[in-house]
Amino acid sequence: MTDERNFRSSYYEKVGFRSVEEKKSLEILLKERPFDKAKLKQFCLRFTVPAMYRNFLWKVLLDVIPVYVDSHEFIMTQRTAEFRDLQKALKVAKIIDDYTKPHLVFLAMWLLRSRRAKVDMTAQLESPLHRAMGKMAETLWHVIDVESEQEKLVDMYWILCGLFVQVEKLQKEVGKLQECTYALLEREDVELYKHLIKIDALYNLPYDTWFYSCFAGTICDGSIAKIWDKITVGAYRILVFVAVVILTTLRRLLLRCESIDNVLDTINNITEETSEVIVNKAIESMQQSGTSQLVDTYFTKHS
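Residue 1 is where the sequence shown starts when you use full-length UniProt numbering, and the numbers rise one by one after that.
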């Protein structure tokens, strides 16, 4: 009987019934007044956010809008006005123009608002951190689903600001994330671990870029939102699981690689289908108490 129930649960999940259940659960949470942010965070940790609610929920979790629904219209009016003021200031200063790529505009606006903008902003935008953030901005355009383009631009900018706050927090932990990736890979697949060391690849992969961008540009746009659901609530240790699962999922190809360039070529050509597999496996690994506890223990010991 237990096997039958497990089979049924697995089947329902495959045909989308589980997502219906999750949608109902989220709708119940969104009826609470004011919103209970702790419950919404728990939902994001446990489940994938339904696409139709993602933009709204991320704005709540990233403090773009408050938990008080009555204030949303007023706050977004103020957010829109500030968005336009920042854009205008950068145009007057001739830092951007009508031909500047949108993701660079957003990044320049964030630097200006956070009082970090330098005279030579072009050089500033070329730093590894800011280039990675630029990748996030490019990817977010394909994740946010808003009909009005102007509204989409405003939402994108403010959501990015919230995501950048999370990136700055994990920036201090990049070394630990990297070391934990080595440890977890060795535990999960010692043959692959030794092979990547042998060809001088394991310690030279672009971990900074992966972690700073939260895998934007590596994982396909259609799947990456599931990772960012976790990032919005500060669960950036998901990035360790994504890194390890990328390597173990591609193990057959990677074991044939003879150099770091071969490895990077393989990783940089992940298909949409493989991206979906990787993301689902990474989330499942993070939610398995034993594996998750291993990562948490590592961070505790090295804090």
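Every residue gets a Cβ at the ideal spot worked out from N, C-alpha and C, and that includes glycine.
Just so we're clear, the structure is a prediction, and the values are computed from it rather than from any experiment.
Practice prompt. Report the rounded CA-to-CA distance for Arg131 versus Ala108, giving the unit in angstroms.
Written response: The residue given as residue 131 occupies position 131 in the sequence shown. The residue given as residue 108 occupies position 108 in the sequence shown. Spanning the two alpha carbons is a distance of roughly 12 Å.
Fill in: Where Lys24 falls, given that 16 or more other Cβ within 10 Å makes a residue buried
As a working note, residue 24 is residue 24 in the sequence shown. In the assembly as shown, Lys24 is an exposed residue. Its beta-carbon has fewer than 16 other beta-carbons within 10 Å.
Worksheet item: Would a C-beta distance cut-off of 8 Å place Lys135 and Ser223 closer than the cut-off?
Response: For the purposes of this step, residue 135 is taken as the residue at position 135 of the sequence shown. For the purposes of this step, residue 223 is taken as the residue at position 223 of the sequence shown. No; because the gap between Cβ atoms is not below 8 Å, this pair is not in contact.
Item to complete: Write down every uninterrupted run of the alpha helix (DSSP H) in the segment 154 to 186 whose length is 4 residues or greater and which is fully enclosed by it, in chain order.
Response: none
Practice prompt. Keeping to the same chain, check which residues put their C-beta closer than 6 Å to that of Gly217; ignore five residues upstream and five downstream.
Written response: As a working note, residue 217 is residue 217 in the sequence shown. For Gly217, the CB contacts under 6 Å within the same chain, skipping 5 residues up- and downstream, are Lys135 in chain order.
Item to complete: Taking Leu61 and Val242 to be in contact with their CB atoms under 8 Å, please state how far apart those CB atoms are, rounded to whole angstroms.
Response: Here residue 61 refers to the residue found at position 61 when the sequence shown is read from its first residue. Here residue 242 refers to the residue found at position 242 when the sequence shown is read from its first residue. At roughly 20 Å, the Cβ-Cβ gap does not stay under 8 Å, so Leu61 and Val242 are not in contact.
Discussion item. Quick test of the definition: if touching needs 3 or more C-beta pairs under 8 Å, does the segment 51 to 71 touch the segment 34 to 42?
Written reply: Yes, the segment 51 to 71 touches the segment 34 to 42.
Item to complete: Please specify which runs of the alpha helix (DSSP H), each continuous and at least 4 residues long, are wholly inside the segment 30 to 111, giving them in chain order.
Response: 37 to 46, 51 to 61 and 72 to 92
Worksheet item: Leaving out the 5 sequence neighbours to the left and right, which residues in its chain are closer than 6 Å to Thr80 when beta-carbon positions are compared?
Response: The residue labelled residue 80 in the question sits at position 80 within the sequence shown. Around Thr80: Val154.
Worksheet entry | Straight-line Cα distance separating Val277 from Asn6 | Locating residue 6 in the sequence shown gives position 6, counting from the first residue. Locating residue 277 in the sequence shown gives position 277, counting from the first residue. Residue confidence is low: Asn6 scores 40 on pLDDT, short of 50, so the model does not pin down where it sits. Its coordinate-derived value is still stated next. Taking the straight line joining both Cα atoms gives about 20 Å.
Worksheet item: Excluding sequence positions up to five away, which residues of its chain have a Cβ less than 7 Å from the Cβ of Lys91?
Response: Within the sequence shown, the letter at position 91 stands for residue 91. Excluding positions up to five away in sequence, the list reads Asp97.
Worksheet item: Do Ile231 and Val279 have their C-beta atoms within less than 8 Å of each other?
Response: For this step, residue 231 is matched to residue 231 along the sequence shown. For this step, residue 279 is matched to residue 279 along the sequence shown. Contact flag unset, no.
Worksheet entry | For Ile144, the three-state DSSP class (helix, strand or coil) | Residue numbering aside, residue 144 sits at position 144 when the sequence shown is read from its first letter. DSSP places Ile144 in coil when its eight states are reduced to three.
Fill in: Minimum length 4: unbroken alpha helix (DSSP H) runs contained in the segment 225 to 249
238 to 249, all fully within the segment 225 to 249.
Fill in: C-alpha distance - Thr297 paired with Glu27, whole-angstrom precision
Working through the sequence shown from its first residue, we reach residue 297 at position 297. Working through the sequence shown from its first residue, we reach residue 27 at position 27. Spanning the two alpha carbons is a distance of roughly 35 Å.
Practice prompt. For Ile270, name the three-state secondary structure that DSSP assigns.
Written response: In the sequence shown, the residue the question calls residue 270 occupies position 270. If DSSP states are grouped into helix, strand and coil, Ile270 belongs with coil.
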